[in-house]
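A.B. asks:
Residue numbers (the working numbering): 5 to 983.
If you want it as structure tokens, here you go:
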């Protein structure tokens, strides 16, 4: 018996010893850059065993600097962390089975000035680097003219697009926020960042899908991510006070002035901005590319002032901003719309000419607090506030024709003034010097309208999120609450005359419609939601998440309409007895009350090579509507059940190559008012009706993204595909009245709306790293379906658009010279099923060159020229060539503190302002006013107070917040070419 006991003890001891030597200990932590306070992305982390220093485990840090080593045996080790441009750090440690999860906290790496200096001499910065789902662009690899803003740099990035409204897409994804050193800049507002961040303070731009606050703190992907552009500030500019002042004036009464001041100190950032201009700050085009046929929609003047800050300690992060914006616009438009009619009928043509003036003032404030009272708890609070005042006035003339008026006369828009037409009997009297109306045989109606409006709105919202980790293996619980309030009021005045020219079946012509109205519309609403999320680990790296959300919203709108009588004219005071003209049939009261429950189970598999998330939202919703319009009074309730499945799959081939596939499905309901059997005839030429028979629609969205990067060749490759289809899409059935030229619009369900898109991009340095080439290819197909009808005849129409695009770039650069060639080609096949005579195959092509030269005495010359051409359009005015040439000459002095810059835009005066669109119901072409050709003289002064000793040196002579290689027109002066 004694031998048995001794043997058992020896066996147990051996087992325990053997067990203690198994791989059971993990080491984790985070790596940060000491000077920038930014995460060290893809730093090399190695665990070396002692005494032979053999590698026991190794990983690369994540995009946020985190790392977790594979499990190792207990023993003595040295942790080695290395990162290009920083001194390696060695941390000795003893690992024991008593601490199976060793977290070393945050490790900061010290900058290696010698290595950085050598890197500048021997290396050419790669244009693009790809690591997992992050695409990084080196600012120094894209030379921009003196004083350029972020917008100018983004235009040069492979796969980047900026539309006329300042919205940014990179690799087909909409950029939702701009961040600086990982912190939101003015609440992440994209347009503010594009216009106010100088290129020369930026070292690197990173674009990636940022997780929601919930996913970030729980570690479980909830699919609510947004694409962000995160800017890294240059080393040496992260401590101190620096800023810029830029003043400029030019020909055509152009002006621009702005100032920016920054205070950066370790984890604290404060930025002040102010500016005013009437050039719309479009930025210097920077070369060919395009073709980017942009719409310069009028003349715009803007003013802004704002302050933003961000700071953090070990447990607390604070950030927020407040800003004031003013925008005034004066837009003159002239053009036509061709409305397709059902098969066998000719098109209807609507020509118009208008002048619109508007102004908008708004104040926005936001705040963000993130508190970590202990290692297990995270609290986030986000309130925001906004207030705005708007004003607008419009003077428009339009006319409807039953055939193309341009086939009759070259300038049909000169014959839209109803005050002239009202004097004629269309046979003998004089019209603008002619004996009769040249368009009398095809004219259906003519309408002249004057209108004005002013209003104000206020809104306040807040979000509170509290998360508690219940274990180290992923179990956690989160509470989230939101609340919001809004209040607005608008006053509208309208004076319109509409004259008709076609006789009906009874041989009579409809009498002229004369409308003089005043409308006031107060609205208010509030909402709140409560949400609880629980995450449960099922087994290794597999999680089940449950989410429940309750939300409530209430909104009221009370539109009152008063007829002012035919003697009232625009600009007159309201009559003292205007309330006697109350029009109940044109007034409307609506109150919505909505209760929503959302259940969202999801399953997450998180493995070393792949991540798979599968889930769905199940949403029962109850909505009640109290509605009153004239004699129509109703109280109705609707209960629906929405479903939204989702799948997200990511496979990582390596740390620089990954494939991602996502699917999102979502059902949506028609608005309650669309379901009411009511008619709104407040505009006699555009009457709308409800449809009680509408069904809910369901949208399918499928995306695929693949990217890879070869650091040795500095070659980045990415491809993106997207497919979208909507079942029971809610479309508009438009019925044309041949007598009045007006339309009756009614919502109807329709199937067949879908689109597909694919793109492929490659950017690579050649063997000699001074040369770089890039290619960006895009193919898209849109299938648009709608109803066309004349009288009682209704037909389903399909328009398709196949678009093929290719853009090529080539660049050579050295220390003082950069030269680039670029070109693009876009070919479209546009087909209309019911009216094949409208089919066309237009194509655009562009080719150009850009160069930047810097002389030893700090003088810089930048110029670009591009020829943009259009062909194949049915409208011959669209088929044209435009040779666009811009140039800038700048001289920096006072040891890099000051710059004088002279800029010229559209030197050859060939840029046009044309907007064109195609839908299932028609096509339109409009021209707008704008000042495209002008010159500006800039003076830029840079401040650097108490900054680090390297701050001025890092900014260099070409730094600045300046004119942007051209704050091109666009605004009060239309817009500059972007190609």
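The C-beta atom is built at its ideal place from N, Cα and C for all residues, glycine as well.
(1) Runs of 4 residues minimum, wholly inside the segment 903–938: which ones carry the alpha helix (DSSP H) assignment?
(2) Take the Cβ of residue 696 as the centre, count every other Cβ of all protein chains shown within 10 Å, and call the residue buried at 16 or more, exposed below.
(3) At the level of alpha carbons, what is the spacing between residue 314 and residue 537?
(4) Any contact between the segment 872–881 and the segment 892–903? By contact I mean 3 or more CB pairs, one from each, below 8 Å.
(5) Quick one, are the C-beta atoms of residue 927 and residue 207 less than 8 Å apart?
(6) So is residue 233 buried or exposed if we call it buried at 16+ other beta carbons inside 10 Å?
(7) Pairing CB atoms from the segment 781–791 with CB atoms from the segment 733–745, are three or more of them under 8 Å?
(8) Spatial neighbours of residue 632 within its chain, please: C-beta separation below 6 Å, excluding the five flanking residues on both sides.
(9) Whole angstroms are fine: how far does the CA of residue 919 sit from the CA of residue 452?
(10) State whether the segment 606–619 contacts the segment 570–578, with contact taken as three or more CB pairs (one from each stretch) at a distance under 8 Å.
(11) Compute the Euclidean distance between the alpha carbons of residue 338 and residue 370, then round it to the nearest angstrom.
(12) Classify residue 118: buried if its beta carbon has 16 or more other beta carbons within 10 angstroms, exposed otherwise.
(13) Take residue 82 and list the residues in its own chain whose beta-carbon comes closer than 6 Å to its own, dropping the five residues that flank it on each side.
(14) Quick check on DSSP: helix, strand or coil for residue 881?
(15) Less than 6 Å between C-beta atoms, sequence neighbours within five positions excluded: which residues of the same chain meet that for residue 422?
(16) What whole-angstrom Cβ distance do residue 783 and residue 812 have, given they're in contact under 8 Å?
(17) Note the first and the last residue of the continuous beta strand (DSSP E) segment covering residue 540.
(18) Would you check whether the ligand COA has a heavy atom nearer than 7 Å to the C-beta of residue 772?
(19) According to the neighbour-count rule (16 or more other Cβ atoms, all chains shown, within 10 Å of its Cβ), is residue 5 buried or exposed?
(20) Evaluate contact between the segment 584–600 and the segment 551–570, counting only Cβ atoms and requiring at least three cross-stretch pairs below 8 Å.
(21) Considering only C-alpha positions, which residue in the set 259, 309, 258 and 253 is nearest to residue 276?
(22) Tell me which same chain residues have a C-beta within less than 6 Å of the C-beta of residue 823, skipping the five on either side of it?
(23) Below 8 Å, how does it come out for the segment 380–389 and the segment 464–483: are there three or more Cβ pairs, yes or no?
(24) How big is the Cα-Cα spacing for residue 967 and residue 859?
(25) Cα separation between residue 126 and residue 44?
(26) Cβ of residue 179 within 8 Å of Cβ of residue 231?
(27) With residue 651 as the anchor, note down where its beta strand (DSSP E) starts and where it stops.
(28) Do the segment 530–550 and the segment 689–705 make contact, defined as three or more Cβ pairs closer than 8 Å?
(29) If we call anything under 8 Å between Cβ atoms a contact, is residue 368 one with residue 390?
(30) Quick check on this structure: which residue in 673, 712, 203 and 718 has the alpha carbon closest to the alpha carbon of residue 764?
(31) Only counting the same chain, and skipping five residues up and downstream in sequence, which positions put a Cβ closer than 7 Å to that of residue 687?
(32) Does the Cβ-Cβ distance between residue 254 and residue 938 come in under 8 Å?
(33) Do the segment 632–642 and the segment 674–681 make contact, defined as three or more Cβ pairs closer than 8 Å?
(34) Which of the three DSSP states, helix, strand or coil, is assigned to residue 840?
(35) From residue 199 to residue 155, what distance separates their C-alpha atoms?
C.D. replies: Inspection of the coordinates gives the following:
(1) none
(2) exposed
(3) 28 Å
(4) no
(5) no
(6) buried
(7) yes
(8) 593
(9) 23 Å
(10) no
(11) 40 Å
(12) Summary for residue 118: the model assigns pLDDT 44, below 50, so the residue's position carries little reliability; its value from the coordinates is reported in the next sentence. By the neighbour-count rule (16 or more Cβ atoms within 10 Å), residue 118 is not buried but exposed.
(13) 52, 94 and 96
(14) helix
(15) 450, 452, 501 and 503
(16) 16 Å between Cβ atoms; not a contact.
(17) 517–543
(18) Annotation note on the ligand COA: not contained in the displayed structure, which lists no ligands.
(19) Because residue 5 carries a pLDDT of 47, less than 50, the predicted location of this residue cannot be relied on, and the following value inherits that uncertainty. By the neighbour-count rule (16 or more Cβ atoms within 10 Å), residue 5 is not buried but exposed.
(20) yes
(21) 309
(22) 816 and 855
(23) yes
(24) Note that residue 967 scores a pLDDT of 32, beneath 50, so its modelled location is shaky and nothing firm can be said.
(25) Caution is warranted here: a pLDDT of 31 is assigned to residue 126, below 50, making its placement in the model unreliable, and the coordinate value is therefore given only provisionally. Cα to Cα, the separation comes out at about 22 Å.
(26) yes
(27) 636–658
(28) no
(29) yes
(30) 712
(31) none
(32) yes
(33) yes
(34) helix
(35) 6 Å
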